[in-house]
Every structure is written in structure tokens, then in C-alpha cells.
Amino acid sequence: MTAALGPPRHLVFLGPPGVGKGTQAAELARELGIAHLSTGDLLRAAVAEGSELGRAADGHMRAGRLVPDELVVEILRDRLRRSDAAPGYILDGFPRTLAQAKALEQFAQLDAVISLELDPKVLVERLTGRRLCPQCGSVYNLATRPPREPGRCDRDYAELTLRPDDRPEAVEVRLQVYEKQTAPLLEHYRRLGLLRPLDASGTPAEVAERLRRLLRVGPGREPGPGSPKDRRSR
Ligand code: AP5
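Residue numbers (my numbering): 4 to 237.
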């Protein structure tokens, strides 16, 4: 991760639901010209298509549970073969279990794992306030990134929706699942010397600035309101 070698191009963003992985990954990937690969987005796209994978994943996702490892590993492995991932990638929300981390080591390399850290109370506020545009994938937050007109997308005026797993009962399950199944990965990557903790508090611009300092990339830009995250099916 030295300046002489240029910015890292094979990254994992690890952190609890709502910490801001997607928000930061979308901006950084655009800036570095690398792919932003969110397994949550890939799975939601499969659900929207009604594919076999989507039907298998849907119930798990709605309840806030993890989708079985073998399904997620396969979808990610396939996605990494596409040409836009050749210059590099940010894996957003993958791996989430030790089994996924071990599988990833068989087919991809990593330069760093960014661990986004935030007070759990703030996580809940970010998740329950999130609203999505079903047309263009723009992401809003009622508290921190509201649309210009309540309930409507700034870009295409579509009616904003709540992600099914942002209901309070599913949020609680997701936070428990993170602690039990995903948090152990922090120690795994610390041991491998890849872990880079990042304070995810403050505005998106403040977090972006810290992230760029951590990775030694150029100055960041404030993500615009409702900046799209390439999440058409959320
Ligand atoms: P996924 O889509 O990955 O959801 P998640 O990890 O729960 O993450 P989120 O998208 O909720 O949060 P985020 O950290 O990206 O935050 P965001 O930037 O959106 O996974 C969904 C489901 O798919 C899982 O529960 C599971 O079922 C399945 N799945 C996915 N991957 C899997 C895997 N590998 N294995 C098994 N199952 C898998 O921000 C959240 C909100 O906060 C937004 O409104 C945003 O505008 C706002 N915000 C962001 N940053 C800030 C800031 N700095 N200040 C104020 N507001 C902010």
C-alpha cells in the first residue's frame, strides 16, 4: 500500500450493516476506475429476476440472515470473471464468514481489508432512515441525505421505497448475525496483516477523506445527494 506502488486495487470493505460500506465503495471505485462488487446488490438483482438463485436467497435476505456460503461464493466468483473487474475491485459485503474468506483466497488476491467502525446506535438510525429509488438505484437517508421532495427521487421522481430488510425486526437480526458470523473475520485479517480500521462516524465526506488518507489516494469529493450506487434492484 505504498505511494510508489500506487493505490491498492483489490480491497474488501468489511463492517456491520449500515456502516456506509456501499456509500464509500461506490465513490472510491469510481475514482480509482475499479469495479464495485456488492454481493447484496448481486443477490437483490437475482431476486428481482426471479432466478433460481434469487428464489433460494429471498427468504434468507428478508429475514436478515446470511445466504448460504456456496451460493454467494459462486455468484461472486462468476462476477469477478467479468472484464470490468480486471483493473481491480472493491468487494462490498463479501466475505461474511470464515468459509467465504477461505474460498476467496482460492480465486482472488487482496491488498487490504478496510474495517469500517461505528457506534451500533448510529447504525440503526442509518438503516431505518435509508430510502431507495427503485428506478435508478439512488440511495437517500431521511436524516442525513434527504431527497429534495419528500418520498421522491431527485433524478427521476420515482416513489422511494424501504428495503425489506431495513424493517426494525430484520435490522436486529442482521446486527446479531454480523457479530456472530462476520466479526470473527476481523481477527482473521488482522493475523494476515491486511486489516485497516476506519472510523466511519461523521458525514460521508468526512469518512471519504479519512479513507483516502488511509489508502493514500487523491482528495475525495463529496458524494452528491442520492448518489447512485449501481443498486437498481434494491
Ligand atoms: P448487503 O446489501 O451487503 O447489506 P449490509 O451489509 O447489511 O449493508 P448495507 O447495504 O445495509 O449497509 P452499508 O454498510 O452498505 O451502508 P450504506 O452505504 O448503504 O446485504 C444484504 C443481505 O444480502 C444480507 O443481510 C444477506 O442476507 C445477503 N448477503 C449479502 N452478502 C452476503 C454474503 N457475503 N454472504 C451471505 N449473505 C449475503 O449506508 C446505509 C445508510 O446510511 C444509507 O441511507 C446512507 O445514505 C447512509 N449513510 C452512509 N454513510 C453515512 C454517513 N457517513 N453519515 C450519515 N449517513 C450515512
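Note that beta-carbon positions come from the ideal geometry of N, C-alpha and C, so glycine has one too.
This one's a predicted model, so the numbers in the text were calculated from it and none came from an experiment.
Through-space distance from residue j to residue i, alpha-carbon basis
{"i": "Glu-172", "j": "Pro-71", "result": "21 Å"}
{"i": "Ala-216", "j": "Pro-20", "result": "The question names Ala, but residue 216 in the sequence shown is Arg. Spanning the two alpha carbons is a distance of roughly 23 Å."}
{"i": "Thr-100", "j": "Gln-138", "result": "32 Å"}
{"i": "Val-50", "j": "Ala-29", "result": "22 Å"}
{"i": "Ala-104", "j": "Pro-98", "result": "5 Å"}
{"i": "Leu-178", "j": "Val-22", "result": "11 Å"}
{"i": "Leu-198", "j": "Glu-120", "result": "12 Å"}
{"i": "Arg-166", "j": "Leu-135", "result": "7 Å"}
{"i": "Asp-95", "j": "Gln-109", "result": "18 Å"}
{"i": "Ala-66", "j": "Val-174", "result": "9 Å"}
{"i": "Ser-118", "j": "Gly-196", "result": "13 Å"}
{"i": "Gly-221", "j": "Glu-55", "result": "42 Å"}
{"i": "Val-116", "j": "Val-180", "result": "20 Å"}
{"i": "Val-15", "j": "Leu-35", "result": "14 Å"}
{"i": "Glu-190", "j": "Glu-152", "result": "44 Å"}
{"i": "Thr-164", "j": "Gly-154", "result": "8 Å"}
{"i": "Glu-209", "j": "Arg-84", "result": "33 Å"}
{"i": "Gln-284", "j": "Ile-37", "result": "Nothing can be reported for residue 284: it is not among the residues displayed for the chain, which extend from 4 to 237."}
{"i": "Arg-170", "j": "Leu-218", "result": "34 Å"}
Assigned exposure category for residue i - 16 Cβ within 10 Å defines buried
{"i": "Ser-141", "result": "buried"}
{"i": "Thr-147", "result": "exposed"}
{"i": "Lys-24", "result": "buried"}
{"i": "Arg-133", "result": "buried"}
{"i": "Ser-86", "result": "exposed"}
{"i": "Asp-44", "result": "buried"}
{"i": "Arg-237", "result": "Note that Arg-237 has pLDDT 35, beneath the 50 cutoff, so the model's placement of it is unreliable and the number below is only indicative. Result: buried."}
{"i": "Tyr-192", "result": "buried"}
Helix, strand or coil at residue i according to DSSP, with G and I counted as helix
{"i": "Leu-197", "result": "coil"}
{"i": "Asp-157", "result": "coil"}
{"i": "Leu-83", "result": "helix"}
{"i": "Leu-119", "result": "strand"}
{"i": "Leu-69", "result": "coil"}
{"i": "Ile-93", "result": "strand"}
{"i": "Val-15", "result": "strand"}
{"i": "Glu-152", "result": "coil"}
{"i": "Asp-202", "result": "strand"}
{"i": "Thr-42", "result": "helix"}
{"i": "Ala-145", "result": "Position check: residue 145 holds Leu in this sequence, whereas Ala was assumed. Looking at Leu-145 - three-state DSSP - the assignment turns out to be coil, as it is neither helix nor strand."}
{"i": "Leu-126", "result": "helix"}
{"i": "Pro-20", "result": "coil"}
heavy atom of ligand 1 below 7 Å from residue i C-beta
{"i": "Ser-41", "result": "yes"}
{"i": "Arg-194", "result": "no"}
{"i": "Val-22", "result": "yes"}
{"i": "Val-50", "result": "no"}
{"i": "Tyr-160", "result": "no"}
{"i": "Asp-168", "result": "yes"}
{"i": "Gly-140", "result": "no"}
{"i": "Thr-147", "result": "yes"}
{"i": "His-63", "result": "yes"}
{"i": "Pro-98", "result": "yes"}
{"i": "Arg-68", "result": "yes"}
{"i": "Gln-103", "result": "yes"}
{"i": "Leu-189", "result": "no"}
{"i": "Gly-18", "result": "yes"}
{"i": "Gly-25", "result": "yes"}
{"i": "Leu-46", "result": "yes"}
{"i": "Gly-205", "result": "yes"}
{"i": "Arg-199", "result": "no"}
{"i": "Leu-130", "result": "yes"}
{"i": "Arg-215", "result": "no"}
{"i": "Tyr-143", "result": "yes"}
{"i": "Arg-133", "result": "yes"}
Near ligand 3: residue i beta-carbon under 7 Å from a heavy atom
{"i": "Pro-150", "result": "Because ligand 3 does not appear in the structure shown, any question about it cannot be addressed here, the ligands present being ligand 1."}
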